[in-house]
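Structure, as structure tokens:
Protein chains: 4
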Amino acid sequence: MEKKKPWAGRFKKGLHPLVERFTASIEFDKRLFKEDIKGSIAQARMLERAGILTKKERVELERALKEIEKEIETGSLQFGTDTEDIHMAIERRLIEKIGPLGGKLHTGRSRNDQVALDLRLYVKRETLEILHLIRKLQRSLYGVAKDNIDVIMPGYTHLQRAQAVPLAHHLLAYYEMLKRDSQRLKDCLKRVDIMPLGSGALAGTGFDVDRAHGAELLGFSAVTENSMDAVSDRDFVVEFISHCAVVMMHLSRLCEEIVLWTSKEFGFVELDDSFATGSSLMPQKKNPDVAELIRGKTGRVYGNLVAILTVMKALPLTYNRDMQEDKEPLFDTVDTVKGSLSVLAPMLETMKINRETIWEATCGGFLTATDVADYLVLKGVPFREAHHIAGSIVASCIEKGKELTELTLQEWRSFSPLFEEDIKEAVSVEGSVKRRKARGAASIKEVRRQLKRVERELKKDII
Amino acid sequence: MEKKKPWAGRFKKGLHPLVERFTASIEFDKRLFKEDIKGSIAQARMLERAGILTKKERVELERALKEIEKEIETGSLQFGTDTEDIHMAIERRLIEKIGPLGGKLHTGRSRNDQVALDLRLYVKRETLEILHLIRKLQRSLYGVAKDNIDVIMPGYTHLQRAQAVPLAHHLLAYYEMLKRDSQRLKDCLKRVDIMPLGSGALAGTGFDVDRAHGAELLGFSAVTENSMDAVSDRDFVVEFISHCAVVMMHLSRLCEEIVLWTSKEFGFVELDDSFATGSSLMPQKKNPDVAELIRGKTGRVYGNLVAILTVMKALPLTYNRDMQEDKEPLFDTVDTVKGSLSVLAPMLETMKINRETIWEATCGGFLTATDVADYLVLKGVPFREAHHIAGSIVASCIEKGKELTELTLQEWRSFSPLFEEDIKEAVSVEGSVKRRKARGAASIKEVRRQLKRVERELKKDII
Amino acid sequence: MEKKKPWAGRFKKGLHPLVERFTASIEFDKRLFKEDIKGSIAQARMLERAGILTKKERVELERALKEIEKEIETGSLQFGTDTEDIHMAIERRLIEKIGPLGGKLHTGRSRNDQVALDLRLYVKRETLEILHLIRKLQRSLYGVAKDNIDVIMPGYTHLQRAQAVPLAHHLLAYYEMLKRDSQRLKDCLKRVDIMPLGSGALAGTGFDVDRAHGAELLGFSAVTENSMDAVSDRDFVVEFISHCAVVMMHLSRLCEEIVLWTSKEFGFVELDDSFATGSSLMPQKKNPDVAELIRGKTGRVYGNLVAILTVMKALPLTYNRDMQEDKEPLFDTVDTVKGSLSVLAPMLETMKINRETIWEATCGGFLTATDVADYLVLKGVPFREAHHIAGSIVASCIEKGKELTELTLQEWRSFSPLFEEDIKEAVSVEGSVKRRKARGAASIKEVRRQLKRVERELKKDII
Amino acid sequence: MEKKKPWAGRFKKGLHPLVERFTASIEFDKRLFKEDIKGSIAQARMLERAGILTKKERVELERALKEIEKEIETGSLQFGTDTEDIHMAIERRLIEKIGPLGGKLHTGRSRNDQVALDLRLYVKRETLEILHLIRKLQRSLYGVAKDNIDVIMPGYTHLQRAQAVPLAHHLLAYYEMLKRDSQRLKDCLKRVDIMPLGSGALAGTGFDVDRAHGAELLGFSAVTENSMDAVSDRDFVVEFISHCAVVMMHLSRLCEEIVLWTSKEFGFVELDDSFATGSSLMPQKKNPDVAELIRGKTGRVYGNLVAILTVMKALPLTYNRDMQEDKEPLFDTVDTVKGSLSVLAPMLETMKINRETIWEATCGGFLTATDVADYLVLKGVPFREAHHIAGSIVASCIEKGKELTELTLQEWRSFSPLFEEDIKEAVSVEGSVKRRKARGAASIKEVRRQLKRVERELKKDII
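Below, the structure written as structure tokens:
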């Protein structure tokens, strides 16, 4: 027999089975059971302090709620298809266990503020986990960078070899991106860390509860200041997902590079066998599937962001059922980001750097042509003219099939009498890299300095 | 003990457990088991005809595949966490059942063409189901329109009352939208209905198989003409989802109207109790949750479209693992569209039309002001001037708190001597509606004609 | 005759005219001319300090740059179709004016760090302007709220009347949203406020420039720490647009409500004639076009967000030309948000509140049914049971066509003997609103308190 | 002095200047002037046939409209900032020119059906242009494919070398994609090619006009069947943009490959100097900017799709001002797709294929490992086992630093006694490619057959 809905007082019929199924959220919001129980315990304490519950009642409620938590954890409590959502599922079980007292818990509370509370608790918890995983990936990047501090590689713009740079400098660029990701998530946390409970359905609870006390119990820094806003605000979900979209964008760039670097054509790195997969048909294949999959999963987080933005567009105040659609994009984003960060770190740590191949690549492609121009500038040639001379030298080298390092002083001088013997050092990869002195520049000395800073930062508290 | 991957020949280590979990798709692609087995049976027959398999082998393979299908259907075959995907899961079970013969099935086939085949079979099947559900909803709209052919309501632009229209006309607008949706899905079907099997990993099978025969066995109209395109083409997924996004956009508009119409302020319709839900806190509430939820679910289909488009952006040929991310957006879109269409039809059929309230609304708001201008036009006044006079009359009515129907002939004449007694009929709702004679216009006569056309269309075959 | 590109040294041919047109960005990036000149002046000073330029040269460069700024401002300098972008346009003009010295300015600089600098200067400036416009809109909301502190209206969930709330409370919900928007933009500013100049093309300038000095000259708080990251980072553009998307989402909600409230059916407010438009055909129409248009413009900002996210997906380091596509979404977002905020504020301030209509709406629809349940709770009935009793009372009222305030004590008692005379006060709108004591709740007293807080906040500095 | 709006009859004040600017669309919808005038001429003829206009009046109107078209074309008619949109601009000019008669043209017409008409005419025209440009690009692909029919290259999956394929086969994969794009656009055209004029503001014209006659005059195949749908339908815009998004997705894949192929690491092709650009800083650079920019522009079309979908979400019937936001995404999509197709074709045609480099790449990377497995299969080894043996051979080759072609028969036999002398031919690139016989497979013979088909298709009419 169908169980009656707790709100059925004014209705003459039960829900159509199609509606029951279509509107139920238990399949995904059961993920919030810990948050829901935590919130309910705080609610009970607020009601006790407000004199709505006796201490005895509160204690009994709390005990029963903790039992239910155990039951769900162990799987002994299952949710039927007629269960609306996790909130009603827990309330129903509560009433089964302790009778009418269970029916007191919802006093002055609505699912609207309850679900807002649960979601905020959830986002707080998961943000912390993601911050830890970001830190872990940063550590991997730092480790590989440090271990390969002497490896010089071609830096690219437009996927064309541009200038020689330390591999460590390249990897630390991702460290910086992830650092910003952490900052953004922490900034977002300030807006998540505010307690909505006590906002009721929209107008605020009708009972004289101490919301600040509730916030303290639940570890929130503040309470929401407007009940209508509190129940209809999903900014924190949008913001969280948008920051995660940027995380995935960063990972997609790193993964694109891993795909490039593991190609036969680049050959810069080789993945460990345990991080690559084969082909069902072609016996020779060793594919960077993990990198590709992370790159692909960027799409789903972008999609989740569009989903939640679309849901919220043009909704009048306050709560509308559309907002039930906030959860799956959020949960999927959390899973995707966590999964991607987790698998990337050990993949980076175990990949083999092909130093030989990288060095060969660095020696071809006129990576020091800019240094030729810079050389002339230091002799007083305006940069724009120096650039033009250097360009002509490159054009001539291409024609002759030579690298810059292979030109004789005479050949140099045929382009400008300003060239002296020291042009040879100037166009060597080592010379080029060494000359960069500015903060943040791609010299080994500066990168070493940066590694030290990074080391310090990695020791700081995450929050 | 971990089972070895079928492609492990060239690898020295198994997959890292994190990678195993991160790359596995069995959790969602098991949905394709019927398509996979259907495709494998066709593959066996193609191999038989090509002389790779004997008839006896083919028969044994086919029998075993059908057994596996049963095992999955009944749940007796479960997929462990070390299973890569549905294709490998079925092949593994096949080898368990019939030994090395099972290992022959994949001859000249790759997962790349196999998954392309399965997906196409899936989209074909689901498109048909969606076409049926669209038809069903069209029938509901037709039914409500026909049963209420005499109900005149305010037509809106800018959510401001504009002109009186038959409710049936309003509802048939949605019939038209859904008709286009069907056309689009059928157009898409032409591009889905092409068989990729035999394309191998990317270069085409190395065996002399008769692909046209395979297409016939599987009910496809044609075979793909380029193996590299065949394994890397997901256009049909993008196109299908984009058409579904438009379906949801249409439903979101209809649902927005249901939300408006069930509001106390409009009060045009009342949902059946079995299609409305209550509030956990507020005892009086009767909420149009289904309509809101469909409106909200528009977001997820938009999101799915962005996801798949993002995945496919800038992927070099041919197959890349990113493309594994095609399935979840597709499956979720199918579920969402089917669920939304299914629940909407009976909700429309059971909702109560509040004729009184609608009529009252139709009589207020100067819905026939345009008819005043048209009246003057027929007396020779240029429309732009007639419009201006009518505007002044409305302004004057607002000031006096009168409706157009309440003006005396003298009052009319104070604006223009061209007004005669028949202006009163002209500004009546009935007169206004009746005067529209053009094709597709909002007169009851024309709507009746349209209903007959719709009736004929609803009797046609869906494909 | 086509002017030679400044990078043409190594090329044998000029650009194909199609390419010239396709790749040119001058049409939109000319908007950055002030930023570009500001950055070039700082660049000149950095070069002077590094000994690359003499003081005299620097002064001459600076003077010429300022002249060019004037020329562009006054329109006397026009950009031809063969101009690549604003950076080259200004450099070319510089060389025209002062000869080879102009060619020295680009020393150690690349367009890559130059455009990153310009964009950051631009986003800084525009963020400040948007913060001011948000503040202005908040002031309007505050003003309307304060002036109407005594207006009670129906609060809605699911667009169904839910509970009575002060109009001021409803409006202040938007104040809160905008406050979060400001916070987000200010958080973003921290990440914008970092100077990339000196990063060169990707590897850092080869000259010994003092980047910290440059940052100081330009008013930046810090310098970027990794040159490769610096030239390929567009996080700040993504983040800025994503926060703007949330701003638009908020405005779309407010505008949706204005559209609803100005409908004949709601009739809660009337727009001033100067903020509404008419119909080309229907003389009586007065449409809330501004609100609709803002709601619609939400789409373009969402679209801009998707555009920039798509552009950045899977780009390998460092600069790729795809990134030229960062500007138009950014500029369009800035224009849209500024335009929407600007027009909304005076529209709100001038709209007329229809107090009568609002009050009537508040008295219908059982807005105090929750108070009935709360009443019983205070008499010891568990909330879930109390909710059920209140639901039955509402069902019975609907049947009898009565409002709660019209029930006799006897009728109340037929549902529960716990009802006393004071139930009448409890179910009055005034009583309902007054009883809410919690922080952030919808009582007039609490709203007054909130208004005071808001008043204080509105006096604070914006940054 | 501000000119009065044509709908100002009922208003007491003019528009606020901010509103004037915010709501004006003339800046972008002036692009529709030809369509608008074409539609107005048809409208005049319909009114003549309906007896609203005399022949003389119609002729005068038509003459004046054609004059206005000229005025706009030549730039002699400029639109001020107080002009609302192109429709009002032309009507105003008409009245300026011929007095009150100009005010008759709008009889029974609304901007709602007028703009729907203009947009449909526009999309029809631009679709045709795009179809031509697609055909042109297909021709380029065909040309390059045919000219290089003997070039064998590595085919890739996961960006790892997979199997040897003809370059022509690779290029024809893009031919197939573009063929589907054409089909989709043509399918869309069926839904664009329906005339909305006569639908009025929403309820259909009040005059007895012959809409079928109008459709004939304007070259439409049919008329819309429901006036409310007709004025609020933007499906065709969404559908058109979504098909364009897929076009851009295809181009982004091709451009990604061009970027890869022009990298030093691949070196497969070299762009003509006229299709590449240099660096402002690095003199040696030759960048594939066009390819990158097209890839980047994919983002803007994806964004436009999201924009229009967002705009249309949950709009109640019928016209809402939000829908003004349909034009810019549409126009921008048209420009982007046309620009990208136009520039890509000559770039492909002029790029140099580096046959040597490609051949070298084809000889490395075990591209014929699958042929080893297939070889064994033909000797009776189940494929799965054959795959495993081939995998081990590859692993052994990697260890020894050998290619498959370098193995002695003895070495082959150490893996399986089934290997005979003919394995050497089997693992040669030529042998591998030749063996593929299936339809659509990557053998030169089959590709020649496909080229003939393509040749025939390229001769067919575009529509």
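Chains as they are written, first to last, in my numbering: chain R, 285 to 747; chain S, 285 to 747; chain P, 285 to 747; chain X, 285 to 747.
From the three backbone atoms N, C-alpha and C, an ideal C-beta is built for every residue, glycine too.
Residue i, DSSP secondary structure in three states
i: residue 439/R; result: strand
i: residue 506/S; result: strand
i: residue 711/S; result: coil
i: residue 285/R; result: Per-residue confidence for residue 285/R stands at a pLDDT of 34, beneath the threshold of 50, marking its modelled position as unreliable; the derived number appears in the next sentence. Note: residue 285/R maps to coil in three-state DSSP.
i: residue 694/R; result: helix
i: residue 752/R; result: Outside the shown range of chain R (285 to 747) lies residue 752/R, about which nothing can therefore be said.
i: residue 399/S; result: helix
i: residue 620/X; result: helix
Cross-chain neighbours of residue i in chain R, by beta carbon under 8 Å
i: residue 545/S; result: By Cβ distance, chain R contributes nothing, its closest Cβ being about 15 Å from residue 545/S, past 8 Å.
i: residue 449/P; result: 486, 487, 512
Interface partners of residue i on chain P, CB under 8 Å
i: residue 571/S; result: 441, 442, 444
i: residue 724/X; result: Those within 8 Å of residue 724/X in chain P number zero; the least Cβ separation is about 29 Å.
Beta-carbon neighbours of residue i, restricted to chain P and to distances below 7 Å
i: residue 594/S; result: 594, 597
Same chain, Cβ closer than 8 Å to residue i, neighbours up to 5 away in sequence not counted
i: residue 459/S; result: 422, 425, 426, 429, 738
i: residue 502/X; result: 322, 323, 326, 401, 405, 479, 481
i: residue 491/S; result: 331, 334, 336, 391, 392
i: residue 320/P; result: 370, 371, 374, 398, 402
Residues near residue i in its chain [Cβ-Cβ closer than 7 Å; skip 5 each side]
i: residue 316/R; result: 370, 402, 406
i: residue 711/P; result: 652, 655, 656, 688, 689
Cross-chain neighbours of residue i in chain S, by beta carbon under 9 Å
i: residue 299/R; result: 557, 558, 559, 560, 561
Amino acids of chain S, ordered along the chain, whose beta-carbon sits closer than 7 Å to that of residue i
i: residue 384/X; result: 666, 669
i: residue 576/P; result: 442
i: residue 353/R; result: Neighbours of residue 353/R on chain S: none; closest Cβ ~20 Å, over 7 Å.
Chain-ordered chain X contacts of residue i [CB-CB under 7 Å]
i: residue 365/P; result: Simply none; closest approach about 14 Å.
Cutoff 6 Å; reference residue i; Cβ partners in own chain excluding five residues on either side
i: residue 633/P; result: 424
Q.
Whether or not the stretch 433-447 of chain X and the stretch 355-368 of chain X are in contact is what I'm after, with contact meaning three or more pairs of Cβ atoms, one per stretch, closer than 8 Å; do they touch?
A. Judged by Cβ distances under 8 Å, the stretch 355-368 of chain X makes no contact with the stretch 433-447 of chain X, as fewer than three pairs qualify.
Indicate whether the contact test is met: 3 or more Cβ pairs, each with one atom in the stretch 611-630 of chain X and one in the stretch 468-475 of chain S, closer than 8 Å.
-> Output reads no: the stretch 468-475 of chain S does not touch the stretch 611-630 of chain X.
| Do three or more CB pairs link the stretch 334-351 of chain S to the stretch 595-606 of chain R at distances below 8 Å? | Contact fails: fewer than three Cβ-Cβ distances are below 8 Å.
* Answer yes if the stretch 379-387 of chain P comes into contact with the stretch 644-661 of chain R, meaning at least three C-beta pairs across the two stretches below 8 Å, and no otherwise. => Judged by Cβ distances under 8 Å, the stretch 644-661 of chain R makes no contact with the stretch 379-387 of chain P, as fewer than three pairs qualify.
Subject >> the stretch 667-687 of chain R contacting the stretch 557-577 of chain X, beta-carbon criterion three pairs below 8 Å >> reply: Touching, per the Cβ criterion.
Spell out a yes or no on whether the stretch 568-586 of chain R and the stretch 302-309 of chain S are touching, meaning 3 or more CB-CB pairs, one atom from each, closer than 8 Å. Verdict: yes, contact present.
Please determine if the stretch 542-553 of chain R and the stretch 485-499 of chain R are in contact, where contact requires at least 3 C-beta pairs separated by less than 8 Å.
-> Look at the beta carbons and you see the stretch 542-553 of chain R not touching the stretch 485-499 of chain R: under three pairs across the two are nearer than 8 Å.
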